[in-house]
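Report on the structure given below.
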Amino acid sequence: MTDHYDVVVAGGGYVGASLALALKRADPRLTVAVVDPTPPGGGADTRASAIAAAARRLLERLGVWAEIAPHAQPIVDMIVTDSRLGDAVRPVFLTFDGTLDTGEPFAHMVPNGVMVAALLAAAGAAGVDLRLPERVVGFETCPAATTVRLGGGAVLTTGLLVAADGVRSRLRDLAGIRALRWDYGQSGIVATIGHERPHGGRAEEHFLPAGPFAVLPLADDAEGHHRSSLVWTERSDAADRLVAGDSFTFGLELERRFGRHLGPIAALTRPRAFPLGLTLARDFVRPRFALVGDAAHGIHPIAGQGLNIGFRDVAALAEVVVEARRLGLDPGGLDVLARYERWRRFDAVEMGIVTDVLNRLFSNDLGPIRVARDIGLGLVDRLGGLKRRFIREAAGIGGATPRLLRGEAI
Amino acid sequence: MSDPHARGTVDAAEIRNFEAMADDWWDPAGRMAPLHRLNPTRLAYLKREICRAFGRDVDDSLALAGLRILDIGCGGGLVTLPLARLGADMVGVDAGAANIAAARAQAERMGVTADWRADTAEALAAAHETFDVVVAMEIVEHVADLPLFLREIAKMVRPGGLLVLATLNRTLKSFALAIVGAEYVLRWLPPGTHTWSKFVTPKELNRAVEATGLAVLDACGMVFDPLAGTWSLKAGDLDVNYLMVAERPAAA
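Quick mapping for you: the protein sequence lines, in order, are chains Y and V.
1367 is the number of the first residue of the first sequence in the working numbering; add one for each residue after it.
2 is the number of the first residue of the second sequence in the working numbering; add one for each residue after it.
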């Protein structure tokens, strides 16, 4: 006896969980399973993410924002500087009053653990089958269905298998889809830091010679300690040394870069280093198979867009699948999935290239380039209309936006 | 006495043959690609009009539950299967036995239930079969005697039921797009698929449908965007491809 699902999502992170929930909410008759090797309630993702306004609307529409909101910190102010490490005074080139025309903050900082737990709980309550902890070990596709084998020996059949298993997607390899990959030789050091004074909802991004250094405001913890999320780019060898070294050295290096304007600072979680690169799948779909989120496109985190692009994939794929079902079409058919691919690929490639260029531009210390980019940022700051577009783009509003990202039902 | 095993082998070979034909019908990039591109648009119109007439929710994925629908000239089942998935009690009829075999093979492997008839629509009418909705997509431009054909199929529409037709207008634009463009330039269709002189204008179709005692409710164009490669409904543009829906007035 094999279980059959209309859709099987491999990967129970925010992308997989929100896709399963979005499908079930729009069409309660769809049978959906999420398969993920992480045990229920497990997984120690201590990172936080910047949720753009459009992604927040999606979470609101899916009915999980109310649960996340108490842990979310609105970014009400943003400051971007371009500087050398030793500069006493860092010229500010770009400031954002972080609100959209609609008055909502353009982004919120949200702890990943809270967001994923809320999405999985809501998906389970909506009737999504959570097969945790389980792992997809193989699959075969024939014209009518895909057979999915799980590590525990169970066999499922499905009309559509979705790979939401991250930037090193195993399912992508199993499907024979090649990915283009550029390594930057850089790593992002990630940690939660505590500081004496409140951040006032201000995000700071300093373009240092080794790469961007961002401090993003988090909500206070239960004891009222002021906290921020650190994303600090270094050459990979330096990053590995820093996170492996003692906390005293790490603290000193951190303070050298961030300064003391929020009072004494210290890492609250053990810093971890993630290698940075740009990964782009050659195709996003095959018959009865689709890639979403980082499995389709892992981008440099410089513009904080990886997660928001992932939510755009979710909103687009959910809309395409649900619309196909409403017409009685086969959602796993290549003609249906090709619509998702056409919708998403241009955006993912464009964003990948933009962040790649931004990173190459900002990760160096050459005089002429510094002048050019400083003039560029200064111009952006002076031109109101352009800046508004920049903010709208960063907030994920613009282009042919899927309905969920406009806060509408599918 | 025939050997049951030998018989089984023949059946298996035949089924493989039918499945190969079904593959041909159902490959979105294959020979039937033009129909696959058109399909979501005509299905959207069908569902919208049926839901409007029968008071169903157009967003419901089982909106057509309980409705008996006839798909005339169903081919490989490109319209029959989706309507069956939406809950309709489907009858697919096609004079081509090979088409019916391919449609049945596809339905069986997709787990979709429908009643397949290798027959003519006129034969069903003669057997006094009736339906809530009778559908004839891209058929009327191929029939020899349009008024006679419409009279026969209209008989099968129950009071309060619908007849939905899709066809090609007889305009210079349809000659350029459907014959020269689709058959000779883009090679979407084999040359000779259509005879332009048999195309029907909306006015002619309207008159022929009303002559059967049905009331025309709506006509809507379908236009192709060559850049996006997609079709869409366009109410005011009946120049090339168009759909028409008519209702048999409910018995007083």
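The C-beta atom is built at its ideal place from N, Cα and C for all residues, glycine as well.
Task: Nearest-angstrom Cα separation, counted from ALA45 (chain V) out to ASP58 (chain V) - done: Here residue 58 (chain V) corresponds to residue number 57 of the second sequence, with the count starting at 1. Here residue 45 (chain V) corresponds to residue number 44 of the second sequence, with the count starting at 1. ASP58 (chain V) and ALA45 (chain V): Cα-Cα distance of roughly 13 angstroms.
Task: Near-chain V residues of the region 1687 to 1702 of chain Y - C-beta to any C-beta below 9 angstroms - done: VAL1688, GLU1689, ALA1690, ARG1691, ARG1692, LEU1693, GLY1694, LEU1695, ASP1696, GLY1699, LEU1700, ASP1701, VAL1702
TODO: Could you check what DSSP says for CYS1508 (chain Y) in three-state terms: helix, strand or coil?
DONE: Taking the first sequence and counting its residues from 1, one reaches residue 1508 (chain Y) at position 142. If DSSP states are grouped into helix, strand and coil, CYS1508 (chain Y) belongs with coil.
- [ ] Mind reading off the beta-carbon distance from LEU164 (chain V) to VAL113 (chain V)? Whole number of angstroms is fine, and I expect it under 8 angstroms.
- [x] Counted from its first residue, the second sequence places residue 164 (chain V) at position 163. Counted from its first residue, the second sequence places residue 113 (chain V) at position 112. At roughly 24 angstroms, the Cβ-Cβ gap does not stay under 8 angstroms, so LEU164 (chain V) and VAL113 (chain V) are not in contact.
Open item on the list: For ALA1337 (chain Y) and LEU1389 (chain Y), what's the separation of their Cα atoms in angstroms?
Closed with: In this structure chain Y extends from 1367 to 1776, so residue 1337 (chain Y) is not present and cannot be described.
TODO: State the beta-bridge partners of ASP1369 (chain Y) as determined by DSSP.
DONE: Stepping through the first sequence from its first residue, residue 1369 (chain Y) is reached at position 3. For ASP1369 (chain Y), which the question treats as bridged, DSSP gives the partners Y:LEU1522.
TODO: For ASP1612 (chain Y), go through chain V and note every residue whose CB falls closer than 9 angstroms to its CB, in chain order.
DONE: Taking the first residue of the first sequence as position 1, residue 1612 (chain Y) is located at position 246. Residues of chain V passing the Cβ test: none, with the nearest at roughly 59 angstroms.
Open item on the list: Just to confirm my understanding: we take GLY1429 (chain Y), look at its own chain, exclude 5 residues before and 5 after, and list those with CB closer than 7 angstroms. What are they?
Closed with: What you label residue 1429 (chain Y) is simply residue 63 of the first sequence in a count that begins at 1. ALA1488, listed in sequence order.
Task: Amino acids of chain Y, ordered along the chain, whose beta-carbon sits closer than 7 angstroms to that of LEU206 (chain V) - done: Reading the second sequence from its first residue, position 205 is the one you call residue 206 (chain V). None at all; the shortest Cβ gap to chain Y is about 25 angstroms.
TODO: For the beta strand (DSSP E) holding GLY74 (chain V), just list the boundary residues, first then last.
DONE: Counting from one through the second sequence, the residue named residue 74 (chain V) turns up at place 73. Looking at the DSSP string, GLY74 (chain V) is not in any beta strand (DSSP E), and its letter there is neither H nor E.
Task: Buried/exposed call for LYS156 (chain V), threshold 16 Cβ in 10 Å - done: As a working mapping, residue 156 (chain V) is identified with position 155 in the second sequence. So LYS156 (chain V) counts as buried.
Task: Beta carbon proximity, PRO35 (chain V) to chain Y, threshold 8 angstroms - done: Position 34 of the second sequence, counting from 1, holds the residue named residue 35 (chain V). Cβ-Cβ to chain Y under 8 angstroms: no for PRO35 (chain V).
Open item on the list: I need the straight-line Cα distance from ALA1669 (chain Y) to GLY161 (chain V), nearest angstrom please.
Closed with: One-based indexing of the first sequence puts residue 1669 (chain Y) at position 303. One-based indexing of the second sequence puts residue 161 (chain V) at position 160. Unreliable placement is indicated for ALA1669 (chain Y), whose pLDDT of 46 sits below 50; no coordinate value is reported for it.
Task: Same chain, Cβ closer than 7 angstroms to MET111 (chain V), neighbours up to 5 away in sequence not counted - done: Translated into the one-based positions of the second sequence, residue 111 (chain V) becomes position 110. LEU82.
Open item on the list: Suppose you measure from the CA of ALA220 (chain V) to the CA of ALA252 (chain V); what does that come to, to the nearest Å?
Closed with: If you number the second sequence from 1, residue 220 (chain V) lands on position 219. If you number the second sequence from 1, residue 252 (chain V) lands on position 251. Spanning the two alpha carbons is a distance of roughly 24 angstroms.
Open item on the list: So, with DSSP's three-state summary, where would you put GLY1577 (chain Y)?
Closed with: By one-based count along the first sequence, residue 1577 (chain Y) stands at place 211. Strand, per DSSP.
TODO: Determine the direct distance from the alpha carbon of ASP1402 (chain Y) to that of GLY1532 (chain Y), and round the result to whole angstroms.
DONE: Taking the first sequence and counting its residues from 1, the one referred to as residue 1532 (chain Y) is at position 166. Taking the first sequence and counting its residues from 1, the one referred to as residue 1402 (chain Y) is at position 36. When rounded, the distance between both Cα atoms is 11 angstroms.
Task: Min CB distance PRO160 (chain V) to chain Y below 8 angstroms - done: Your numbering for residue 160 (chain V) matches position 159 in the second sequence. No, because no Cβ of chain Y sits closer than 8 angstroms to the Cβ of PRO160 (chain V).
TODO: Taking all protein chains shown into account, decide if HIS1627 (chain Y) is buried (16 or more other Cβ within 10 angstroms of its Cβ) or exposed.
DONE: Indexing the first sequence from 1 puts residue 1627 (chain Y) at position 261. When all chains shown are included, HIS1627 (chain Y) counts as exposed.
Task: Proximal chain Y residues relative to ALA21 (chain V), where beta-carbon distance stays under 8 angstroms - done: Locating residue 21 (chain V) in the second sequence gives position 20, where the first residue counts as 1. Ordered by position in chain Y, no residue passes the 8 angstroms Cβ test against ALA21 (chain V), which lies about 11 angstroms from the chain.
Open item on the list: Can you tell me whether LEU1745 (chain Y) is buried or exposed? The criterion is at least 16 other CB atoms within 10 Å of its CB, across all chains shown.
Closed with: As a first step, residue 1745 (chain Y) is located in the first sequence; it is residue number 379 there, counting from the start. The predicted model places LEU1745 (chain Y) with a pLDDT of 47, which falls under 50 and marks its position as unreliable; any figure quoted below should be read in that light. When all chains shown are included, LEU1745 (chain Y) counts as exposed.
Open item on the list: LEU1770 (chain Y) and ARG1427 (chain Y) - do their beta-carbons sit closer together than 8 angstroms?
Closed with: Working through the first sequence from its first residue, we reach residue 1427 (chain Y) at position 61. Working through the first sequence from its first residue, we reach residue 1770 (chain Y) at position 404. Closer than 8 angstroms, so yes.
TODO: Would you kindly work out how many angstroms separate the C-alpha atoms of ALA30 (chain V) and THR1397 (chain Y), rounded to a whole number?
DONE: Taking the first residue of the second sequence as 1, we reach residue 30 (chain V) at position 29. Taking the first residue of the first sequence as 1, we reach residue 1397 (chain Y) at position 31. One C-alpha to the other measures close to 28 angstroms.
TODO: Could you say which of V:VAL92, V:PHE132, V:ALA137, V:GLU123 lies nearest to TRP117 (chain V) if we only look at CA atoms?
DONE: Within the second sequence, residue 117 (chain V) is the residue found at index 116, counting from 1. Out of V:VAL92, V:PHE132, V:ALA137, V:GLU123, V:VAL92 has the C-alpha closest to the C-alpha of TRP117 (chain V).
- [ ] Tell me where the beta strand (DSSP E) around SER1415 (chain Y) begins and ends.
- [x] As a first step, residue 1415 (chain Y) is located in the first sequence; it is residue number 49 there, counting from the start. Its beta strand (DSSP E) spans residues 1414 to 1418.
Task: Beta-carbon proximity of SER1553 (chain Y) to PHE1640 (chain Y), cut-off 8 angstroms - done: As a first step, residue 1553 (chain Y) must be located in the first sequence, where it is residue number 187. As a first step, residue 1640 (chain Y) must be located in the first sequence, where it is residue number 274. It is a contact, given that the beta carbons lie within the stated cut-off.
TODO: Below 7 angstroms between beta carbons is the criterion; list the residues of the region 1391 to 1410 of chain Y that meet it against any residue of chain V, in chain order.
DONE: ASP1393, ARG1395
Open item on the list: Check whether chain Y comes within 8 angstroms of LEU228 (chain V), counting only Cβ atoms and requiring the distance to be less than that.
Closed with: For the purposes of this step, residue 228 (chain V) is identified with residue 227 of the second sequence, where counting begins at 1. Not an interface residue.
Open item on the list: Against chain V, does GLY1733 (chain Y) count as a neighbour if the rule is that its beta carbon must be under 8 angstroms from one of theirs?
Closed with: As a first step, residue 1733 (chain Y) is located in the first sequence; it is residue number 367 there, counting from the start. Residue confidence for GLY1733 (chain Y) is low, a pLDDT of 49 falling below 50, so the modelled location carries little weight; the figure read from the coordinates is stated next. It does not; no Cβ of chain V falls within 8 angstroms.
Task: Beta-carbon spacing of ALA1576 (chain Y), ARG1547 (chain Y) below 8 angstroms - done: In the first sequence, the residue the question calls residue 1576 (chain Y) occupies position 210. In the first sequence, the residue the question calls residue 1547 (chain Y) occupies position 181. Contact flag unset, no.
Task: Those residues which DSSP pairs with CYS221 (chain V) across a bridge - done: Within the second sequence, residue 221 (chain V) is the residue found at index 220, counting from 1. DSSP output for CYS221 (chain V) lists V:LEU244 as bridge partner(s).
TODO: Kindly give me the distance between the Cβ atoms of LEU1634 (chain Y) and ARG1593 (chain Y), rounded to whole angstroms, as I take these residues to be in contact under 8 angstroms.
DONE: For this step, residue 1634 (chain Y) is matched to residue 268 along the first sequence. For this step, residue 1593 (chain Y) is matched to residue 227 along the first sequence. With a Cβ gap of about 7 angstroms, LEU1634 (chain Y) and ARG1593 (chain Y) count as contacting.
Task: Burial state of GLY1733 (chain Y) (16 or more Cβ within 10 Å) - done: To locate residue 1733 (chain Y), count along the first sequence from 1; it is residue 367. Confidence at GLY1733 (chain Y) is low in this model, with a pLDDT of 49, below 50, so its placement is unreliable and the value that follows should be read with caution. Exposed is the call here.
- [ ] Thinking ALA1386 (chain Y) and VAL1494 (chain Y) are a contact (beta carbons under 8 angstroms), I'd like their distance in whole angstroms, please.
- [x] Translated into the one-based positions of the first sequence, residue 1386 (chain Y) becomes position 20. Translated into the one-based positions of the first sequence, residue 1494 (chain Y) becomes position 128. Right, their Cβ atoms sit about 5 angstroms apart.
Open item on the list: Counting C-beta neighbours from all protein chains within 10 Å, is the total for ASP1539 (chain Y) 16 or more, i.e. buried, or is it exposed?
Closed with: On the first sequence, position 173 is the one that residue 1539 (chain Y) refers to. Exposed is the call here.
Open item on the list: Per DSSP, what are the beta-bridge partners of GLU1600 (chain Y) in this structure?
Closed with: Along the first sequence, one-based indexing puts residue 1600 (chain Y) at 234. Partner(s): Y:SER1553.
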